[in-house]
Every structure is written in C-alpha cells, then in structure tokens.
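Heads up: the first sequence at position 306 corresponds to 877 in this note's numbering, and the numbers run straight through without jumps.
Worksheet: the structure to be examined is printed underneath.
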Amino acid sequence: MTEKRVRVRFAPSPTGPLHIGGVRTALYNYLFAKKHGGDFILRIEDTDQARYVPGAEEYIFEALTWVGLTFDEGVHIGGACAPYRQSERKSIYKQYAEALLQNGHAYYAFDTPGELEAIRKKQESQKQTFQYGPLTRGSMKNSLTLPAEDVKKKLDSGEAFVIRIKIPDNEDVVVNDLIRGVVSVQSNQLDDKVLFKSNGLPTYHLANVVDDYLMKISHVIRGEEWLPSAPLHVLLYKYLGWENDMPQFAHLPLLLKPDGNGKLSKRDGDRLGFPVFPLQWEDTVSKEVSSGYRESGYIPEAVVNLLAFLGWNPGTEQELFSMEELIQSFSIDRINKSGAKFDAEKAKWYNHRYLIKKTDEELLELFFPMLIKKGICSTDDYIQKVISIVRERVNFVHELWDQAHFFFIAPESYDEKAVKEKWKENSPAILTELADRFKNLTEFTAGIIHNAVQEFLKEKQLGMGQVMNALRLTIVGSSAGPDMFKMLDLLGMEETIRRIERAINTIKK
RNA sequence: GCCCCGUUCGUCUAGGGGUUAGGACAGCAGAUUUUCAUUCUGUAAACAGGGGUUCGAUUCCCCUACGGGGUACCA
572 MTEKRVRVRF APSPTGPLHI GGVRTALYNY LFAKKHGGDF ILRIEDTDQA
622 RYVPGAEEYI FEALTWVGLT FDEGVHIGGA CAPYRQSERK SIYKQYAEAL
672 LQNGHAYYAF DTPGELEAIR KKQESQKQTF QYGPLTRGSM KNSLTLPAED
722 VKKKLDSGEA FVIRIKIPDN EDVVVNDLIR GVVSVQSNQL DDKVLFKSNG
772 LPTYHLANVV DDYLMKISHV IRGEEWLPSA PLHVLLYKYL GWENDMPQFA
822 HLPLLLKPDG NGKLSKRDGD RLGFPVFPLQ WEDTVSKEVS SGYRESGYIP
872 EAVVNLLAFL GWNPGTEQEL FSMEELIQSF SIDRINKSGA KFDAEKAKWY
922 NHRYLIKKTD EELLELFFPM LIKKGICSTD DYIQKVISIV RERVNFVHEL
972 WDQAHFFFIA PESYDEKAVK EKWKENSPAI LTELADRFKN LTEFTAGIIH
1022 NAVQEFLKEK QLGMGQVMNA LRLTIVGSSA GPDMFKMLDL LGMEETIRRI
1072 ERAINTIKK
C-alpha cells in the first residue's frame, strides 16, 4: 500500500459548548497532522437537527482558535472537499444508502418509533435488552420480512421508512486500533443500526463513513466512546467497497472526573472549581453560565500543555512543551489506554509556569482591564514595575491584584492578626524616627533605603524583624508581600511617609 | 443484563521477565528571607487480588474484583 497523505478531521456536533475533552481530541488530531505534514480538517456533524444549538458552531471555532489550533480545511475556510457541514451535504448520502440496499447489505424498515419503544419497554421489564439485529429482524416490519409488493406499496405511498444496515450473522469483525491493538467483536452482538433516517438525513454512522471516505481521511482519531461502534464502521467501509481506503482508527482514553468516577461532565466544573469548557458559555435556554478556561485566566499555551499530558507523554522528563515541541514529539503510540482524571492543582501549576514566562509588558496587557475595572489610574511604567516584583507569586493574572493592590491603594485597615503579632509597644516611636531618616534621604531607591535602615538598626541596636514587620504593616496593611525595599522604592518617599504616619495614628494598642 | 476497553505512588505518568520501580503535581520537613509567597534541598508515597508459565514475575497468559464506555430514526 502506498503512503497516504495524512488527513485528519475534528468532527464535533454543534449541540452545545465544546467540552475540554473535545479540545484534547482536536489537539491530538492537530498534533498528529502537523507532525506528518498533513491536513487538519474541521467538519461539523449536524445531522441531528433537533439537538442543534445556535452559537455552538461559532463557539467551537472560537475555542479552538483560542488554544492555537488552525485548520487547513473546514467550515469557515472551505477547501477542496467543501461543504464541510453535513447538513449541507444532505444530498450526497442517499446514494450510498441505496448502494447498500442494492448489494444486500441494508434494508428498509417500517417500524415506527412508537412500536420500537414499546418492544424495548417490554423487553426491559423482563430485564432484557432489545436489539434490532440478526436475531430479531425476522419478526419486524422490514423489506426482509414483508412481501416485495408490500414494500413497494409502502415506499410508493410515501410511508415513513428508515434504512438499516444488515449485520452479518456470526462473523468476527475486527478493528485494528492504533492505541488498543486488535479489537474483535462477534457480529451477533452488533445491531442493525439505522443508517438513513426517516427525515431524509443520514445518521452519524453513515455520514461519518461517507465523509471520511470522500474527504480522504487517513486517520480517525476520536474518543473512546466510539470504540463500540467502530466495528459497524468497518463493516460499512467493507460493504461500500472502500476497504482499501479505510482510515486507521485511534480511540482516545476519556477524561474522567477528578473525584469519584465517571466521565468529566458539565456539572463537575463549577462543583470542583475548575472549568470544563475552554470558553465561558451561557445556556441559551436556562441562562446558566458555565465557566471557561479563558475567562478564568488560563493561558492558552498552558491549557494546550496540560491537555497534551492528559493521556499522552513524550517518555522523557520534560514537562513543559510549546506547541511546536509537542508537534515534534507527538506520536500515537505514546498515547495511554486508560482514562485520565483531571487534576486541577496541576493545571494551576502549568498556568503559573506559563505566566512567569511572559514579559512584564505582556502581563501589563493582560492585567490592565482589571485595573480599569478597579478604577485604578496609573502609568504603564509603574504598573510594569509592580508586576515585575509580584509576578512570581501568582498562578493567574487576576491574582496580581491580590498581590499588588497596595501599590495602588493605601491600606485603610490593618489585618488584626498581623497587628497583634507585629505591632509592638515601641513600634510608633521607632517608625516615627525611621520616617524622619527617610525624609532626609536625598534619593529614595531600594539600595539607599536599605543602607539607611541598616544604619538605623545598628544605631538603635534593633533587629531587622522588629522594624521591618511593623513597617510592612503600615505599607501593606498585613504581614505579607514582596521585598520591602523594592516596595518603598516604587511607592516613593512621600507615600511611604504618609502610610507610616497614618498607621501610627490609626493603630491603637 | 449483554458487549467492548482499561487497572504502576492521592493525581498525571515512566519502565518492563532479574530495577534502590524513575519523574512531575499535590503533601510533609528543612534552607533562604524583613513577612507571605516564590525558589532550592530533602522526605514519605504505587505495580488491584488469585491462579498459572518461568530458575525468576510488577512485566506474559487466565480468572476475579474494580473502574470506564457502549447498548437511540444522538453524536
């Protein structure tokens, strides 16, 4: 077999916001495509009009763009295989269903949804599951059981029908999965899935196979939830005569809840305090808002990195990877088989790593909107200096405010516990004297202040802690924060004096 | 229920018939410092259980348990 050009697709259905697991699936597809110099395609699988959610498609595109995934073909950009929205490809599926009808691998079925449901209910009450398949199709209403003329009559009269695949009897169907190896299923376990719905649209199974073939997809990389229907897809390729062009399959392990069990789901995010969606999403009906990584302050590069490592690893001890590095190192055979629990703590750590990689200018850019919101007015230069001395202390941009608010607003109250521990009987006296020293300094820079304080300590026979702790309280309002001398330098002498005096007058002991 | 997939520290994972079972996050302890945090150093922590195969199994096979997925005219 000649080497096929690598072409992969990400094929979400626009039924709501893209789940973070979906982002990972897209990422793996992208990495694989780029690694092999292939194409990454976005196809929208909207064959279920009842579940269509307005805005979902835009959301998907925006989310993927945000994390830095770009498509070579797809909705929004077009390409040689356009259109890329299945609802716009409606007319092309019917012929393939008919070909299957022709060659005897599919048949018409006339059982109504109501009838099917009744049978399922009945079986269920007997603790059994009804499967429309090799064992049961003989007693159902379809072109296999009905006389040919009845079938024709029904068809001619416009009676609703579906087209079902005719699963073979007693045959081992083999799926060769790139991650799991050979997966074999007995065909009797499969059911005669509907391929073509009564509303004239194909189901996912038909559409996905037809489109992958027509779009010359070389590798189907998708979630593990598709593994059970992969044998069906293999059968379809075979019956459609495309066996030699069948893509290779890779079924990804699922993303699991961090606590307990089960697939990571919509509700987990807000319950456990981390987003499950890349972007914030407001439900069109319930107006319920689900948080997004972007809005929560995650850096896209960090999200990419942490997602890449949930189910895959390079086999080295390197933890931090840029997209380019991921592309270089990625390979399907290093993808894990088992599901991965999402670790919110590690996600924060990744964000911290990427945040401190940013320059002060970049952080200013990101931090600025928040300052505006707080009504802070300051110069870029000042803000950047502030950022430079607190940046190491945060995981998220919004935390910069928690670490730096006192650079913009003087403390109005003083942390009670800190006062109790750090504010001594003689603090006012010491600080008054220190403030006088400050006033006499010709220059007010970190180094000079440091020297002055040291001299002061020596003269007064005081320890660093006795003075600095109280001083910090006056400047910050609590006993936390970065290096004092750098802070004073930034704040300037006047503000420093003002804060010292205010604290002396305010803190009563 | 039935079918499919899986199971190495709390979590993400490396490894693989003979290893001190390695790393990262989180934890704990120490160091640094004017505080808090960062950082650095150290430390604790795992092969689900039972049978085989083998000189030897965490690694290969089987069973059990547990977990996950599927079982729609949804994708």
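Cβ coordinates follow ideal geometry from the N, Cα and C atoms, glycine included.
*Strand pairing of L827, partner residues [DSSP]*: K834 and K912
*Beta-bridge pairing of E644 - partner residues as DSSP gives them*: DSSP lists I612 as partners of E644.
_Tell me which residue opens and which closes the alpha helix (DSSP H) that V1024 is part of._
Looking at the DSSP string, the run of the alpha helix (DSSP H) that includes V1024 is A1017 to K1031.
*asked:* Starting from Y655, trace the beta strand (DSSP E) in both directions and tell me its first and last residue.
replied: First-last for Y655: undefined, no H or E at that position.
*Measure the alpha-carbon distance for Y678 versus T774 and round it to whole angstroms.*
15 Å
_In the DSSP output, which residue or residues are listed as bridge partners for Y678?_
R735
*If we call anything under 8 Å between Cβ atoms a contact, is A989 one with I1068?*
no
*Compare the Cα-Cα distances from S1112 to each of A651, K837, E872 and G729 and report the closest residue.*
One cannot answer for residue 1112 here, as it falls past the ends of the chain, which runs 572 to 1080.
*Name, in chain order, the residues that DSSP records as bridge partners for A821.*
I792
*Alpha carbon to alpha carbon, what distance is there between Q657 and I663?*
10 Å
*Exposed or buried, which one is C652 when buried takes at least 16 other CB atoms within 10 Å?*
buried
*Give the straight-line distance between the Cα atoms of E795 and L1042, rounded to the nearest whole angstrom.*
59 Å
*Note down, in chain order, each residue of its chain lying with its Cβ closer than 7 Å to the Cβ of I1019, except the 5 sequence neighbours on either side.*
L1012
_Spatial distance of D762 from L687 (CA atoms)_ = 14 Å
*Roughly how many angstroms lie between the CA atoms of R595 and D830, to the nearest whole one?*
20 Å
*Do you know how far the Cα of N1022 is from the Cα of F978?*
23 Å
*Assign M572 to one of two classes, buried (16 or more other C-beta atoms within 10 Å of its C-beta) or exposed (fewer than that).*
A caution first: M572 carries a pLDDT of 47, below 50, which makes its placement in the model unreliable, though a value can still be read off. By the 10 Å Cβ count, M572 comes out exposed.
*asked:* Restricting to Cα atoms, I'd like to know which of Q1037, D839 and V781 is closest to I591.
replied: D839
_Simplified DSSP state of A627, which is helix, strand or coil_ = helix
*Look at the Cβ atom of A821, then the Cβ atom of H776, and state whether they are nearer than 8 Å.*
With a cutoff of 8 Å on beta-carbon distance, A821 and H776 are scored as not near each other.
*asked:* Going by DSSP in three states, Q757 sits in which element: helix, strand or coil?
replied: Collapsing the DSSP output to three states places Q757 in a strand.
*asked:* For the stretch 702 to 711 against the stretch 804 to 815, do three or more pairs of beta-carbon atoms, one drawn from each stretch, fall closer than 8 Å, so that the two count as touching?
replied: no
_Would D748 and V754 be called neighbours here (beta carbons separated by less than 8 Å)?_
yes
*Please report the residue range of the beta strand (DSSP E) in which V847 lies.*
Counting along the chain, V847 falls outside any beta strand (DSSP E), and DSSP gives it neither H nor E.
*Where does F767 sit, in a helix, a strand or coil, going by DSSP?*
strand
*Using DSSP bridges, identify the partner residues of V860.*
Paired residue(s): E853.
*In angstroms, rounded to a whole number, what distance separates the CA positions of L785 and G609?*
16 Å
*Distance CB(L877)-CB(K929) smaller than 8 Å*: no
*Can you list, in chain order, the residues of its chain whose CB lies under 6 Å from that of P1086, leaving out five sequence neighbours each side?*
With the chain covering only 572 through 1080, there is no way to say anything about residue 1086.
*Backbone secondary structure at W994 - three-state DSSP*: coil
*Can you give me the Cβ contacts of H676 inside the same chain, cut-off strictly under 7 Å, excluding the 5 residues immediately before and after it?*
I736, K737 and Y810
_So, at 6 Å on beta carbons, what are the nonlocal neighbours of A1017 in its own chain, with the 5 sequence-adjacent residues on each side left out?_
F1056, K1057 and D1060
*Report the three-state DSSP secondary structure of W883 (helix, strand or coil).*
strand
_Counterpart residues of N713 in DSSP-defined beta bridges_ = Answer is A680, bridged to N713.
*In the structure shown, what three-state DSSP assignment does I947 receive?*
Note: I947 maps to coil in three-state DSSP.
*Can L827 and K912 be called in contact, C-beta distance under 8 Å?*
yes
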